[in-house]
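Student: The structure's right below; bear with me while I get my questions together.
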Amino acid sequence: KYPTLLAHLTGWQMLSYFALMGLTMSIALTNSTFVVIVTGYFMGWAGLPGMVASYALAAALGYELARRLDHGKLRSLLHHFPKADAVLGELQDQSWQLILLTRLSPVLPFALMTFVLAIVGVPRGRFLGASVLGMLPRSLFFYWLGTEASNVLALLRDPDEGTLSKLVLLGLVAASLLGLYVVFNRALQRVLRRNTQAR
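One rule links them: number in this note's numbering = place in the sequence shown (from 1) + 147.
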């Protein structure tokens with residue numbers, strides 16, 4: 148069923164492959180959807196646990212890189228803008244939902260969202276847990292597409308080909324954007340309510 152390019156790797160070779168994919172995804176050298184489809188196509192379902200671990204590694208590496216590059220400069224800058232800083236503080240309180248929703252959407256770049264979420268001060272453990280959990284729905288869908296594909300190049304050119312694919316992608320994007328709107332709006336309303344009470 149599966150082509151032999153990655154189908155007969157040794158344990159160390161598979162470990163190296165997933166580590167390399169985690170590294171390249173963390174710095175935006177490879178697209179996360181591309182990696183999932185290719186891995187599903189060549190490895191089948193046996194490669195899924197390694198793919199999940201690769202995502203976790205990418206999230207962890209991206210988080211650490213962003214924190215080291217930023218050194219808290221963004222938060223220091225936002226202290227000069229009390230309302231924006233207050234909204235960001237509210238978003239940190241809802242960071243679990245925020246991370247889940249950003250990871251759910253296939254249109255939000257993995258590495259960019261990792262960088263943004265890291266520098267706004269989302270706690271490390273919560274970030275990693277919610278990142279992996281949030282990536283699962285879209286990853287399972289694209290992984291399944293990879294395992295079912297007869298031509299990986301055609302699939303990579305147009306991964307949303309077919310009615311089912313379009314509906315699933317539309318549902319993921321809609322759920323993510325609607326959820327993010329609710330989270331941001333709730334944070335803003337709380338800040339405005341506090342400011343009104345303070346007066």
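We treat Cβ as the ideally placed atom computed from N, Cα and C, and that holds for glycine.
Just so you know, these numbers come straight off a predicted model, no measurement behind them.
Figure out for me which residue from Val-338, Gly-197, Leu-224 and Thr-249 has the closest Cα to the Cα of Gly-169.
Tutor: The residue labelled residue 169 in the question sits at position 22 within the sequence shown. Among Val-338, Gly-197, Leu-224 and Thr-249, the Cα nearest to that of Gly-169 belongs to Gly-197.
Student: CB Ala-322 to CB Leu-248, shorter than 9 Å?
Tutor: Within the sequence shown, residue 322 is the residue found at index 175, counting from 1. Within the sequence shown, residue 248 is the residue found at index 101, counting from 1. Yes. Within cutoff.
Student: Just to confirm, is the Cβ distance from Ser-173 to Gly-209 under 9 Å?
Tutor: On the sequence shown, residue 173 is found 26 positions in, with the first residue counted as 1. On the sequence shown, residue 209 is found 62 positions in, with the first residue counted as 1. It is a contact, given that the beta carbons lie within the stated cut-off.
Student: Using a Cβ distance threshold of 8 Å, determine whether the segment 253 to 273 contacts the segment 175 to 184, with at least three qualifying pairs required.
Tutor: The segment 253 to 273 vs the segment 175 to 184: in contact.
Student: Hey, could you find the ends of the alpha helix (DSSP H) Thr-171 is sitting in?
Tutor: Walking along the sequence shown from the start, residue 171 turns up at place 24. Where Thr-171 is concerned, the enclosing alpha helix (DSSP H) stretches over 158 to 173.
Student: Here's the rule: buried if 16 or more other CB atoms are within 10 angstroms of the residue's CB, otherwise exposed. What is Ala-334?
Tutor: Residue mapping note: residue 334 aligns to position 187 of the sequence shown, counting from 1. Its Cβ being crowded by 16 or more others within 10 Å, Ala-334 is buried.
Student: Could you give the C-beta distance for Ala-205 and Phe-257, rounded to a whole number, given that I count them as a contact under 8 Å?
Tutor: Locating residue 205 in the sequence shown gives position 58, where the first residue counts as 1. Locating residue 257 in the sequence shown gives position 110, where the first residue counts as 1. Going by Cβ atoms, the distance from Ala-205 to Phe-257 rounds to 7 Å, so yes, they are a contact pair.
Student: Flag this pair as yes or no: are the beta carbons of Ala-200 and Thr-261 separated by less than 9 Å?
Tutor: Position 53 of the sequence shown, counting from 1, holds the residue named residue 200. Position 114 of the sequence shown, counting from 1, holds the residue named residue 261. Against a cut-off of 9 Å, the Cβ pair of Thr-261 and Ala-200 comes out as no contact.
Student: Pick out whichever of Gly-187, Leu-176, Ala-175 and Gly-194 has its Cα sitting closest to the Cα of Gln-160.
Tutor: To locate residue 160, count along the sequence shown from 1; it is residue 13. Gln-160 has its Cα closest to that of Gly-194, out of Gly-187, Leu-176, Ala-175 and Gly-194.
Student: Measuring CB to CB, does Gly-187 end up less than 9 Å from Ala-296?
Tutor: For the purposes of this step, residue 187 is taken as the residue at position 40 of the sequence shown. For the purposes of this step, residue 296 is taken as the residue at position 149 of the sequence shown. Contact: yes.
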